[in-house]
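Participant: Heads up: the sequence lines are chains A and B, in that order.
Quick note on our numbering: the first sequence kicks off at 1 and runs consecutively.
Quick note on our numbering: the second sequence kicks off at 226 and runs consecutively.
Every residue, glycine too, gets a C-beta built ideally from N, C-alpha and C.
Number of protein chains: 2
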Amino acid sequence: MGGSEASIEHPQQPYVPRDLHLPGYVPCFLSQFDIVVPYFGSSIVLVVFIWLLSGRYAKITKTDRLLMCWWAFTGLTHIILEGYFAFSPDFYKENTPFYLAEVWKEYGKADSRYLARDATVVVLEGITGALVGPACLLAVYAIASRKAYSYALQLSISLGQLYGFVAYFMTAYLEGDNFAASPYYYWAYYVGANSPWLPIPILIVIRCWKKISAALQVDKKMKIK
Amino acid sequence: MGGSEASIEHPQQPYVPRDLHLPGYVPCFLSQFDIVVPYFGSSIVLVVFIWLLSGRYAKITKTDRLLMCWWAFTGLTHIILEGYFAFSPDFYKENTPFYLAEVWKEYGKADSRYLARDATVVVLEGITGALVGPACLLAVYAIASRKAYSYALQLSISLGQLYGFVAYFMTAYLEGDNFAASPYYYWAYYVGANSPWLPIPILIVIRCWKKISAALQVDKKMKIK
């Protein structure tokens, strides 16, 4: 490797594969701390806000209040973070410390497909940002106002999240699973940061499935009578 | 293009991009007619069989009987055709006129990603063949035996089909939409053969959504009383 030549062509390009060509790439301005803390911090503020607000309505159970927190958190993550990525092909050229571009420059260290503009990742993030995200916010409203479609909606969204989850990891696996700059980024971001989106949607699918089936069982019995 | 040299390297490789490297490729043995007619023929026999069989149960409505036909047809298509593709990376080397390999050698003329073993296509077909397909057959049973989970199941499967449909076409679009050997194959196979899997799942999603919401509305009113 001609060290100096390579670094002229890819100035401080920290991604794997190392020969990923990113013309106009501008490195991260913010530290990992400055990227992760605002996300966790604003998420905690959001969850506390939704929890307290939903507590003002006596009819909403604690489980439903927790679900409202989840849907608000995951919905805004989908719309703001993932929606930005899906519709910003040039984020890695951003030459100011714009937070959303920084997030994806940093996350790309765990999955360089985001930098390479891999079609699968763009489509999965596009569906998630443009369709699943707004549907999550609708779920917050549907739970709060006890809409009859609330369970069908939550089932649908959770299944969409699970489909995206499986497709995201399976495509990387089939392509050799070599898109992380180090095992640290692989486990912290690629595995760790995505991990809530497997067990939580599964639990919600099971819950909605049971509620829907129980209601239709009642409905069937009434019709037979 | 060095015509004779190219044909030695890719013997009668009929796919686009023309330089797609397929070592060991064996051309189609069967004609388009011999591939399409058995599929249509066996599908019609299946649909007539399910229609007549379901007619023996007086309680099943005509809509539900039609849905049983659809789920049997789409389920077996997913499991047999798409399941075969997902787990047969070497189908294009098949040197006998094995029907399932012929189907994909032929369909590849409309979408060469199937020959190139594109990870997105393999994952989408894998999910469809291994998960969605068996769930479709469960739906046939669930409708016939009037299970309370029938609507949740049909909603889930149809959403999965729609997710796959959108991801399939969007990834091709983002990658330049240039995988068909001719406009004929593009429109007949890529667009035409896939077209039922957009309107039918949408109609089923709407129907299930309404049934589920109505049942939960009834359930809610009963609890209030």
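(1) By a C-beta neighbour count over all protein chains shown, 10 Å radius and 16 as the cutoff for buried, is K105 of chain A buried or exposed?
(2) Is Y339 of chain B close to chain A? Criterion is C-beta to C-beta, closer than 8 Å.
(3) Counting only Cβ-Cβ distances shorter than 8 Å, please list the residues of the stretch 343 to 360 of chain B near chain A, keeping chain order.
(4) Under 8 Å between the Cβ atoms of Y376 of chain B and I157 of chain A?
(5) Between the stretch 67 to 84 of chain A and the stretch 356 to 369 of chain B, do three or more beta carbon pairs fall short of 8 Å?
(6) Residues of chain B with a CB under 9 Å from the CB of L159 of chain A: which are they?
(7) If you run the structure through DSSP and keep just helix, strand and coil, what is A148 of chain A?
(8) To be precise: take each residue of the stretch 434 to 448 of chain B, compare its Cβ to all Cβ atoms of chain A, and keep it if any distance is under 8 Å. Which residues remain?
(9) When Cβ atoms are compared, which residues of the stretch 395 to 407 of chain B fall closer than 9 Å to chain A?
(10) Let me know the secondary structure DSSP gives S112 of chain A once reduced to three states.
(11) Less than 8 Å between the CB atoms is what I'm expecting for M293 of chain B and V365 of chain B, so what's the real figure, rounded?
(12) For the 8 Å Cβ check, are there 3 or more pairs between the stretch 281 to 301 of chain B and the stretch 244 to 259 of chain B?
(13) May I ask you to report which of helix, strand or coil DSSP gives D179 of chain A?
(14) For Y151 of chain A, return the contacting residues in chain B, with the cut-off set at a CB-CB distance below 9 Å.
(15) Using the beta-carbon of each residue, which ones in chain B are nearer than 7 Å to V16 of chain A?
(16) If you count every other CB in all the chains shown that lies within 10 Å of the CB of Q238 of chain B, and 16 or more means buried, which is it?
(17) Can you look up S280 of chain B in the DSSP assignment and give me helix, strand or coil?
(18) On a CA-only basis, which of B:L384, B:E400, B:D336 and B:V347 is nearest E175 of chain A? Give me that one, please.
(19) Under 7 Å between beta-carbons, which chain A residues line up against V391 of chain B? List them in chain order, please.
(20) Where does P322 of chain B land, buried or exposed, given buried means 16+ other C-beta within 10 angstroms?
(21) So what's F169 of chain A in DSSP terms, helix, strand or just coil?
(22) Taking DSSP as the reference, what is the three-state secondary structure of P322 of chain B?
(23) Does any CB atom of chain A fall closer than 8 Å to the CB of A311 of chain B?
(24) Output needed for E350 of chain B: all residues of its chain with C-beta closer than 7 Å, excluding positions within five of it in sequence on either side, in chain order.
(25) Could you check if V241 of chain B is buried or exposed, using at least 16 other CB atoms within 10 Å of its CB as the buried criterion?
(26) Under 7 Å Cβ to Cβ from G280 of chain B, same chain only, skipping five residues before and after it: list those, please.
(27) Here's the rule I'm using: 16 or more other beta-carbon atoms within 10 Å means buried, otherwise exposed. How should R371 of chain B be labelled?
(28) Going by the CB atoms, is the gap between L301 of chain B and L271 of chain B shorter than 8 Å?
(29) Whose C-alpha, out of B:A439, B:W412 and B:D343, is nearest the C-alpha of Y393 of chain B?
(30) Please list, in chain order, the chain A residues whose beta carbon lies closer than 8 Å to that of A326 of chain B.
(31) Please identify the residue among B:P263, B:Y324, B:T353 and B:A326 whose C-alpha is closest to the C-alpha of W422 of chain B.
(32) According to the Cβ coordinates, are Y92 of chain A and Y189 of chain A closer than 8 Å?
(33) Check the Cβ of E144 of chain A against every Cβ in chain B and list those closer than 8 Å, keeping chain order.
Facilitator: Taking the geometry as given:
(1) Taking the first residue of the first sequence as position 1, residue 105 of chain A is located at position 105. When all chains shown are included, K105 of chain A counts as buried.
(2) Along the second sequence, one-based indexing puts residue 339 of chain B at 114. No - not a single Cβ of chain A is within 8 Å of the one on Y339 of chain B.
(3) Result list: A344, T345, V347, V348, L349, G351 and I352.
(4) Here residue 376 of chain B corresponds to residue number 151 of the second sequence, with the count starting at 1. Here residue 157 of chain A corresponds to residue number 157 of the first sequence, with the count starting at 1. No; because the gap between Cβ atoms is not below 8 Å, this pair is not in contact.
(5) No, they do not touch.
(6) Taking the first residue of the first sequence as position 1, residue 159 of chain A is located at position 159. Here the neighbours are L380, S381, L384, G385 and Y388.
(7) Position 148 of the first sequence, counting from 1, holds the residue named residue 148 of chain A. In the structure shown, A148 of chain A sits in coil (DSSP, three-state: anything other than H, G, I, E or B).
(8) Result list: W434, K436, I437, S438, A439, A440, L441, Q442, V443, D444, K445 and M447.
(9) Residues passing the 9 Å Cβ filter: M395, T396, A397, Y398, L399 and E400.
(10) On the first sequence, position 112 is the one that residue 112 of chain A refers to. Note: S112 of chain A maps to helix in three-state DSSP.
(11) Here residue 293 of chain B corresponds to residue number 68 of the second sequence, with the count starting at 1. Here residue 365 of chain B corresponds to residue number 140 of the second sequence, with the count starting at 1. Yes, they are in contact, since the Cβ atoms of M293 of chain B and V365 of chain B sit about 5 Å apart, within 8 Å.
(12) no
(13) Residue mapping note: residue 179 of chain A aligns to position 179 of the first sequence, counting from 1. Here residue 179 of chain A turns out to be Phe, not Asp, going by the sequence shown. If DSSP states are grouped into helix, strand and coil, F179 of chain A belongs with coil.
(14) Against the first sequence, residue 151 of chain A aligns to sequence position 151. Those within 9 Å of Y151 of chain A in chain B are A377, I437, S438 and L441.
(15) Locating residue 16 of chain A in the first sequence gives position 16, where the first residue counts as 1. Those do not exist, as V16 of chain A stays about 17 Å from chain B at its closest Cβ, beyond 7 Å.
(16) Residue 238 of chain B sits at position 13 when you count from the first residue of the second sequence. Buried: at least 16 other Cβ atoms inside 10 Å.
(17) Residue 280 of chain B sits at position 55 when you count from the first residue of the second sequence. The sequence given here places Gly at residue 280 of chain B; Ser does not occur at that position. Correct three-state label for G280 of chain B: coil.
(18) Residue 175 of chain A sits at position 175 when you count from the first residue of the first sequence. Residue B:V347 is the option with its Cα nearest to E175 of chain A.
(19) Here residue 391 of chain B corresponds to residue number 166 of the second sequence, with the count starting at 1. Residues of chain A passing the Cβ test: I127.
(20) As a working mapping, residue 322 of chain B is identified with position 97 in the second sequence. Exposed, because fewer than 16 other Cβ atoms sit within 10 Å of the Cβ of P322 of chain B.
(21) Your numbering for residue 169 of chain A matches position 169 in the first sequence. DSSP places F169 of chain A in helix when its eight states are reduced to three.
(22) The residue you call residue 322 of chain B lines up with position 97 of the second sequence. Coil, per DSSP.
(23) Taking the second sequence and counting its residues from 1, one reaches residue 311 of chain B at position 86. So, not an interface residue.
(24) The residue given as residue 350 of chain B occupies position 125 in the second sequence. For E350 of chain B, where only same-chain residues beyond five positions count, the Cβ hits under 7 Å are E307, F310 and A311.
(25) As a first step, residue 241 of chain B is located in the second sequence; it is residue number 16 there, counting from the start. Flag for V241 of chain B reads buried.
(26) Position 55 of the second sequence holds residue 280 of chain B. For G280 of chain B, where only same-chain residues beyond five positions count, the Cβ hits under 7 Å are R290.
(27) Within the second sequence, the letter at position 146 stands for residue 371 of chain B. Its Cβ having fewer than 16 others within 10 Å, R371 of chain B is exposed.
(28) Locating residue 271 of chain B in the second sequence gives position 46, counting from the first residue. Locating residue 301 of chain B in the second sequence gives position 76, counting from the first residue. In contact: L271 of chain B and L301 of chain B (Cβ atoms closer than 8 Å).
(29) Position 168 of the second sequence, counted from the first residue, corresponds to residue 393 of chain B. The candidate whose alpha carbon is nearest that of Y393 of chain B is B:D343.
(30) Locating residue 326 of chain B in the second sequence gives position 101, where the first residue counts as 1. Those within 8 Å of A326 of chain B in chain A number zero; the least Cβ separation is about 20 Å.
(31) Taking the first residue of the second sequence as position 1, residue 422 of chain B is located at position 197. It is B:T353 whose Cα lies nearest to the Cα of W422 of chain B.
(32) Here residue 92 of chain A is taken as the residue at index 92 of the first sequence, counted from 1. Here residue 189 of chain A is taken as the residue at index 189 of the first sequence, counted from 1. No.
(33) Translated into positions along the first sequence, residue 144 of chain A becomes position 144. It should be noted that the sequence gives Ala, not Glu, for residue 144 of chain A. Those within 8 Å of A144 of chain A in chain B number zero; the least Cβ separation is about 15 Å.
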